[in-house]
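Reading the sequence shown from the start, the letters are residues 1 to 289 in UniProt numbering.
Notes to accompany the following structure.
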Amino acid sequence: MTLSSPFIAALRFLAFVTWTLTALPPYLLLLACGWRGCSSYARAYFRVCNRLLGFRVVTRGAPRSDRRPVLFVSNHAGYLDILILGSQLSACFVAKAEVAGWPGFGFLARIARTVFVNRARGATARERDQLSNRLAAGDSLILFPEGTSNDGNRVLPFKSSLFAVAALTGPDGQPLPVQPVSVAYTRLDGCAMGRAFRPFYAWYGDMTLAGHLFAALGLGDLTVEVIFHPVVSQADFADRKALSNHCHDVVARGVIDALSGRLDEDGVRAHRPPSPAGILDSGLPNEHP
């Protein structure tokens, strides 16, 4: 049985802090100068973090990359997803307002230009304007529509209300592309990871941040699979509930396939959206509660 090593955890954490303190001043300077390449700098920063922390990221498919803003929709197991997706995407995260107050990670989230949203009633219009402004500026967004994290063994139902941003248009006036993304923690030291070990990397419930991070960093080398699925848009569906259901089904199937080792080396299963007419005729058979 693999146990968490305090020595390895301390070394990895020290390397992470040293690298962050080294990379931060140039980034803040470039950010203050308004350099458009800040997102590429941030992606490189996250990639080095992953190597230092023993995370190996395997990608399948590819993110939309035609320079148009994209809404990436992903499942969420915890704060480590930020490092994983941040190393693959030039995009801003959409996070709940509480994250801004987290020690350390809140600061990093703010300088990474995270969009903090207040989910209280009455805040919808303000948050919509904030997201719309980011899209108008050409920024892509990363959304976790489960609304919370989980143990990494499943995908919780998506909150369709969070898909309101999908109805917005890009700077060119065209429908906003929406790309579902599956993130699965699959292997530990090269061996298939069972259900019992996945919660060591997922952060949920009443877990303490410091204790969880130290335990996760003390384990072996982690393999994470990131699956980029076919792009859709709100125009492909009757309403945002149908779009939410489709994205959930695609992301959940990707996670199941990755955890069970059903994916080959070359690609992912195709998940094509039904036509709007087909959705209406079928009565939305895939709708989730």
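Cβ atoms here follow ideal geometry from the backbone N, Cα and C, with glycine treated the same way.
(request) Could you pull out every residue in the same chain whose Cβ sits closer than 7 Å to the Cβ of A136, ignoring the five residues on either side in sequence? (result) P171
(request) Pick out the complete beta strand (DSSP E) segments inside the UniProt domain "Phospholipid/glycerol acyltransferase" (70-186), 3 residues or longer, and give them in chain order. (result) 71-74, 92-96, 115-117 and 141-143
(message) Can you give me the C-alpha to C-alpha distance between M207 and A215, rounded to a whole angstrom?
(response) 11 Å
(message) Mapping the DSSP letters down to three states, classify A202 as helix, strand or coil.
(response) coil
(request) Name the two residues that bound the continuous beta strand (DSSP E) containing V224. (result) L222 to F228
(request) Over the uninterrupted beta strand (DSSP E) stretch that includes R60, give me the two end residues. (result) F55 to R60
(request) Could you have a look at V250 and say whether DSSP puts it in helix, strand or coil? (result) helix
(message) Please return the same chain residues whose Cβ sits closer than 6 Å to the Cβ of R195, not counting the five positions on each side in sequence.
(response) N153
(request) Flag this pair as touching only if the segment 164-184 and the segment 224-240 have three or more C-beta atom pairs under 8 Å; answer yes or no. (result) yes
(message) If you follow the alpha helix (DSSP H) that S63 is in, where does it begin and where does it stop?
(response) Note that residue 63 corresponds to Pro in the displayed sequence, not to Ser. Neither: P63 is in no alpha helix (DSSP H) and is coded neither H nor E.
(request) Buried or exposed for D257, please, with buried defined as at least 16 other CB atoms from any protein chain shown within 10 angstroms of its CB. (result) buried
(request) Starting from V232, follow its DSSP beta bridges and name the residues at the other end. (result) V178
(request) Report the rounded CA-to-CA distance for V110 versus V73, giving the unit in angstroms. (result) First, the amino acid is wrong: residue 110 is Arg here, not Val. Taking the straight line from one Cα to the other gives about 20 Å.
(request) Determine, using beta carbons only, whether P199 and R68 come nearer to each other than 8 Å. (result) no
(message) Quick check: what's the CA-CA separation for R128 versus P6?
(response) 44 Å
(request) Using alpha carbons as the reference points, say which of L156, A164 and Q234 lies closest to Y204. (result) L156
(request) Taking 8 Å as the threshold, find out whether the segment 237-251 comes into contact with the segment 45-53 through three or more Cβ pairs. (result) no
(message) As a quick exercise: from W19, P63 and N50, pick the residue whose alpha carbon is nearest that of A91.
(response) P63
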